[in-house]
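J.: One line per chain: the protein sequences are A and B, in this order.
Read in order, the letters of the first sequence correspond to residues 18 to 327 in the numbering used here.
Read in order, the letters of the second sequence correspond to residues 8 to 313 in the numbering used here.
Glycine residues also receive a C-beta, built at the ideal position from the N, C-alpha and C atoms.
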Amino acid sequence: MTEASLPADKSSGLLIDEARGFRQKIIYLLRLLWRDKSGMIGLILFLTLIFLAVTAPWISPHDPLQQNLRASRLPPAWSEGGTWDYPLGTDNLGRDLLSRIIYGSRVSLTVGFFGVLIAASLGMVVGLIAGYTGGRVDSAITGLINLILAMPYLLFVVFIASIFGRSLINVILIFGITDSPIFARTTRGEVLRLRESGYVESAISLGASQFRIIFRHILPNLIGPLITVATFEMSAMIFYEAGLGFLNLSVPPSIPSWGNMLSAGRKYLTSSPWLLTFPGLAIMFTSLGMNLLGDWLRDVLDPRLRRVKK
Amino acid sequence: MQRYLLSRLLQSILILFGVLLLVFFMVRATGDPARLMMPRESSQETINAFREKMGFNRPLHIQLGDFIWRALQGDFGDSLHFKTPALPLILARLPATVQLAAGGLFIAVVVAVPLGLVAGSTPGSLWDSFARFLGLMGQSIPNFWLGMILIVIFAVNLNLLPSFGRDEWKSMIMPCFVLGLPTMGALVRLTRSAVLEIRGEDYIRTAYSKGLHPNLIYSRHVFRNTAIPLVSVIGVQFGYMLGGSIYIETIFAWPGMGQLIEQAIGWRDYPMIQAIAFFTSLVVVALNLFTDMAYAVLDPRIRYRR
Chain A
18 MTEASLPADK
28 SSGLLIDEAR
38 GFRQKIIYLL
48 RLLWRDKSGM
58 IGLILFLTLI
68 FLAVTAPWIS
78 PHDPLQQNLR
88 ASRLPPAWSE
98 GGTWDYPLGT
108 DNLGRDLLSR
118 IIYGSRVSLT
128 VGFFGVLIAA
138 SLGMVVGLIA
148 GYTGGRVDSA
158 ITGLINLILA
168 MPYLLFVVFI
178 ASIFGRSLIN
188 VILIFGITDS
198 PIFARTTRGE
208 VLRLRESGYV
218 ESAISLGASQ
228 FRIIFRHILP
238 NLIGPLITVA
248 TFEMSAMIFY
258 EAGLGFLNLS
268 VPPSIPSWGN
278 MLSAGRKYLT
288 SSPWLLTFPG
298 LAIMFTSLGM
308 NLLGDWLRDV
318 LDPRLRRVKK
Chain B
8 MQRYLLSRLL
18 QSILILFGVL
28 LLVFFMVRAT
38 GDPARLMMPR
48 ESSQETINAF
58 REKMGFNRPL
68 HIQLGDFIWR
78 ALQGDFGDSL
88 HFKTPALPLI
98 LARLPATVQL
108 AAGGLFIAVV
118 VAVPLGLVAG
128 STPGSLWDSF
138 ARFLGLMGQS
148 IPNFWLGMIL
158 IVIFAVNLNL
168 LPSFGRDEWK
178 SMIMPCFVLG
188 LPTMGALVRL
198 TRSAVLEIRG
208 EDYIRTAYSK
218 GLHPNLIYSR
228 HVFRNTAIPL
238 VSVIGVQFGY
248 MLGGSIYIET
258 IFAWPGMGQL
268 IEQAIGWRDY
278 PMIQAIAFFT
288 SLVVVALNLF
298 TDMAYAVLDP
308 RIRYRR
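Next up, the structure:
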């Protein structure tokens, strides 16, 4: 990758569309990412999270469920009474905090990924139908979306979670379904915009089929905005999952998750604050990373913003 | 204008009706509301007796009709835990929660709006960096976690602020700040981007080209138009805070509705949760309607649009 392969005019902001070919586009994106330091930090944080989740069994110093009552509530290694055997200390049952945090990333990432996958799929289909058909169907769907978005979201999530009981699948389904209106709204808005665009009009006048217009001209253009929304929503879901865990409404207590750790650590708030500090920091850095990444993606993937932001 | 308000009013009523249906069907979603509301170890006889007493054995449409009819009269059934009507219990808790949320909103607006205005007017400045940082942190820090950390610092170690309760004005500081933090972040981002966007509008260019002083341009044109998106999100943010108060009230033992929900979940007191869910939605919907009206008054473009 040399300077020469970049467009000459750097001040205008680099446009992905100018680069031809898939490989070049990827290189181009990385190049853009390199220029935006906060986006880079976001990506690094996000990749770290994935790395932790995938390699948890190999990099955890201990079994996250292994209890050792003789070593309960040990402080972090660098403070008095701590040992490097348990770098971040242990909880009330003597379980290694670092290992539990590493394993906890699996719950967060699973909930975030599958929750967003369900929400995006549902929302995209509904939004496409609304935006493309228009008329009564559109008004009905928009009304429903507004209805759901006008409700106090957190309260209803807590309410629903308390009814269905603690399991990973339930948590994923709750977030997947309750969050889909956001995706539906984005999709609908984009479809309405795209339908009026010049190239869709040309495609219609050339006699392209509905099928072709939707799959060839509309869907590919939805990916950018939806990925951006997905990043923010994934961050929000990880956040809310921890909140549910804190209220003892997320995954069963036997599974190490950041929210469950916060809930358990709350009892030792004054005597062992590290039980709270580290899981909270894990949530914060995850959320921070995804928000930074989302901000960057929005700037890069939305051509309209790219034009404004110089 | 009247037409707009009327349609918004109708929409609000429709939303509340939808919430009523949701609240009704949700407790029946597992198939057996009696089992959901009784302690796990209850015998089959007690559950059957409870089902009989609550009328869960009647046909569904009769239960629904009854539920809606009573809800319209303000009767959401009795709390299972307190054995008294749920609504007065909630209303007794309302002032505390409103105080908390209003305090949180106040802190958020007081910090976020001036900062966002300065940041948006001077992109790239130190203030702008600070605003972006605050916006990001408000979004990324789990506020209920921050609440507990602040308790450790300010109540336990420094002994400066009370860690729980609602007895003195000092006990408001931490819960309000923590509850308002996500809103603060959202408002900073919104204000900043609104100012940035308005700066690029045609009427601003016109104002410059006719030689208006930049101070006047900002005070008359930019800042005034920034108020429009701000007003429209405040209703949404308030609703968000009412939900977030579940966590904050639990942590700070703040005797409001949020704490009541958390307790009611532990008691399996679903009539109470249903009532709170509906009542909170009512408050949020009313607030949204109110902000939309304010919106229409502020922005003639909305008033005349059909």
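Under 9 angstroms Cβ-Cβ, which residues of chain A neighbour M33(B)?
T.: F173, F176, I177 and I180
J.: With a cut-off of 8 angstroms on the beta carbons, I'd call V175(A) and L298(A) a contact; round off their distance for me.
T.: With a Cβ gap of about 24 angstroms, V175(A) and L298(A) do not count as contacting.
J.: Strictly below 7 angstroms CB to CB, what residues from chain A border Y225(B)?
T.: Neighbours of Y225(B) on chain A: none; closest Cβ ~20 angstroms, over 7 angstroms.
J.: Looking at the unbroken alpha helix (DSSP H) that takes in Y254(B), where does it start and where does it end?
T.: F230 to I258
J.: Report the neighbours of S288(B) on chain A: residues whose CB is nearer than 7 angstroms to its CB, in chain order.
T.: M168 and P169
J.: What do you get for N164(B), buried or exposed, if any count of 16 or more other CB atoms within 10 angstroms of its CB means buried?
T.: Per the 10 Å Cβ criterion, exposed.
J.: For L304(A), decide whether its Cβ has a neighbour in chain B, counting only Cβ atoms nearer than 7 angstroms.
T.: Note that residue 304(A) corresponds to Ser in the displayed sequence, not to Leu. Yes, S304(A) lies at the interface with chain B (some Cβ there is under 7 angstroms from its Cβ).
J.: Among I230(A), F39(A), R40(A) and L47(A), whose alpha-carbon lies nearest the alpha-carbon of V317(A)?
T.: It is L47(A).
J.: Buried or exposed: where does R205(A) fall if 16 or more other Cβ atoms within 10 Å of its Cβ makes it buried?
T.: Around the beta carbon of R205(A), 16 or more other beta carbons lie within 10 angstroms, which makes this residue buried.
J.: Using the three-state DSSP reduction, which class does P130(B) fall into: helix, strand or coil?
T.: coil
J.: Between G5(B) and chain A, is the shortest Cβ-Cβ distance under 7 angstroms, so that the two count as touching?
T.: Since the displayed chain B opens at 8 and closes at 313, residue 5(B) lies outside it and no answer follows.
J.: How long is the line joining the alpha carbons of I230(A) and Q41(A), rounded to whole angstroms?
T.: Taking the straight line joining both Cα atoms gives about 27 angstroms.
J.: Just to confirm before moving on: does the CB-CB distance between R100(B) and M248(B) stay below 7 angstroms?
T.: Here R100(B) is not near M248(B), since their CB atoms are 7 angstroms or more apart.
J.: When the cut-off is 7 angstroms and only beta carbons count, does N295(B) lie next to chain D?
T.: The structure shown contains no chain D; the protein chains it does contain are A and B.
J.: Using a Cβ-Cβ cut-off of 8 angstroms (strictly less than) and excluding sequence neighbours within five positions of T129(B), which residues of its own chain qualify?
T.: Counting only Cβ-Cβ distances below 8 angstroms, and skipping sequence neighbours, we find D135.
J.: Quick one: what does DSSP say T358(A) is sitting in, helix, strand or coil?
T.: Any answer about residue 358(A) is impossible in this case: the structure gives chain A only from 18 up to 327.
J.: Quick one: does L27(B) have its CB under 7 angstroms from some CB of chain A?
T.: no
J.: Is W291(A) buried or exposed, if buried means 16 or more other CB atoms sit within 10 Å of its CB?
T.: With 16 or more Cβ atoms within 10 Å of its Cβ, W291(A) is classed as buried.
J.: Please state the DSSP three-state secondary structure of D299(B).
T.: helix
J.: Determine, using beta carbons only, whether H168(B) and K177(B) come nearer to each other than 7 angstroms.
T.: As written in the sequence, residue 168(B) is Leu, which differs from the His given in the question. In contact: L168(B) and K177(B) (Cβ atoms closer than 7 angstroms).
J.: In the DSSP assignment, find the alpha helix (DSSP H) that holds F173(A) and state where it starts and stops.
T.: Y170 to F181
J.: Using a Cβ-Cβ cutoff of less than 6 angstroms, which residues in the same chain neighbour L23(A) once the five nearest sequence positions on both sides are dropped?
T.: Reliability fails at L23(A), whose pLDDT of 41 lies under 50, so the model's placement of it is uncertain and the value that follows must be treated cautiously. Nothing meets the Cβ criterion.
J.: Residues in its own chain within less than 6 angstroms of D53(A) by CB, not counting five upstream and five downstream?
T.: When the five nearest sequence neighbours on each side are left out, the beta carbons in the same chain lying within less than 6 angstroms of the beta carbon of D53(A) are those of W313, in order along the chain.
J.: What's the call for S179(A), buried or exposed, on a 16-neighbour Cβ count within 10 Å?
T.: buried
J.: The alpha helix (DSSP H) with M45(B) in it runs from where to where?
T.: M45(B): not part of any alpha helix (DSSP H); DSSP gives it neither H nor E.
J.: What does G250(B) touch in chain A if you count any residue whose Cβ is under 7 angstroms from its own?
T.: P169, Y170, L171 and L172
J.: Return the chain-ordered list of same chain residues with a C-beta closer than 7 angstroms to the C-beta of I272(A), the five sequence neighbours on each side being excluded.
T.: Cβ within range, chain order: V124.
J.: Chain A beta carbons: is any one of them nearer than 7 angstroms to that of W134(B)?
T.: Chain A places no beta carbon closer than 7 angstroms to that of W134(B), leaving this residue out of the contacts.
J.: Look at the Cβ atom of G110(B), then the Cβ atom of L172(A), and state whether they are nearer than 7 angstroms.
T.: Here G110(B) is not near L172(A), since their CB atoms are 7 angstroms or more apart.
J.: Is there a Cβ from chain A that is less than 7 angstroms from the Cβ of V291(B)?
T.: yes
J.: Measuring straight from C-alpha to C-alpha, what distance separates I224(B) and G218(B)?
T.: 10 angstroms
J.: Return the residues of the stretch 70-89 of chain A that lie within a Cβ-Cβ distance of less than 9 angstroms from chain B, sorted by chain order.
T.: Listed by position along the chain: nothing, the set is empty.
J.: Does DSSP put T198(B) in a helix, in a strand, or in coil?
T.: T198(B) sits in a helix when the DSSP states are folded into three classes.
J.: On the CB-based measure, 16 or more other CB atoms within 10 Å of its CB, does F232(A) come out buried or exposed?
T.: Exposed: under 16 other Cβ atoms inside 10 Å.
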